[in-house]
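Numbering (the UniProt record's numbering), first residue to last: 1 to 151. Glycine included, each C-beta is placed from N, C-alpha and C at the ideal position. These notes are about the structure you will find just below.
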């Protein structure tokens, strides 16, 4: 179940981290998952002894060829009952574009505004959790990252 949050949960282990990267001009970045045939957020599972930020840094390079700013705002979590863990979603500004390695599950980044992202996701898979994620991400971006003191 998807739940809005304003800080990282501490009551259970966080096993996954995803981001909705935002460009300087307010565009959102998603990635095309070639196995799911869907637009999705950037991220995945923590590996070995990675912390949240190391995992997110690795995933954003692997899936989208981007580096994120250090400010990462948690805005949603998904609780997985069968593993008793969370996947956490953050918004963060893009700091740099880098070469994307080959051989991962995505074909690269797709840059668009929030409205177009919602329309495309709805067209591909209908209303559901990804739409909720985009709405919560836009809210977090507008309330926190878009403020003049965060530029």
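By alpha-carbon distance to residue 109, the top candidate from 14, 49, 24 and 62 is 62. DSSP places residue 99 outside both helix and strand once states are collapsed to three, so it counts as coil.
For secondary structure counted as the alpha helix (DSSP H) over 4 or more consecutive residues, the stretch 50–119 holds these complete runs in sequence order: 52–64. The beta-carbon distance between residue 69 and residue 92, rounded to whole angstroms, is 6 Å. This is short enough to meet the 8 Å contact definition.
Under the 8 Å Cβ criterion, the stretch 79–91 does not count as touching the stretch 110–120, having fewer than three qualifying pairs. An exposed status is given to residue 127, since fewer than 16 other beta-carbon atoms sit within 10 Å of its beta-carbon. Contact between the stretch 39–49 and the stretch 12–27 is present: three or more C-beta pairs spanning the two stretches fall below 8 Å. CA-to-CA, the gap between residue 42 and residue 71 works out to about 16 Å. Taking a contact as a CB-CB distance under 8 Å, the pair residue 90 and residue 73 counts as one, their CB atoms being some 6 Å apart. Residue environment for residue 17: buried (at least 16 other C-beta atoms within 10 angstroms of its C-beta). When secondary structure is reduced to three states using DSSP, residue 134 falls in the helix class. Nearest to residue 52 by alpha-carbon distance, out of 96, 86 and 39, is 86.
Using a 10 angstroms sphere on the CB of residue 19, the tally of other CB atoms reaches 16 or more, which defines it as buried.
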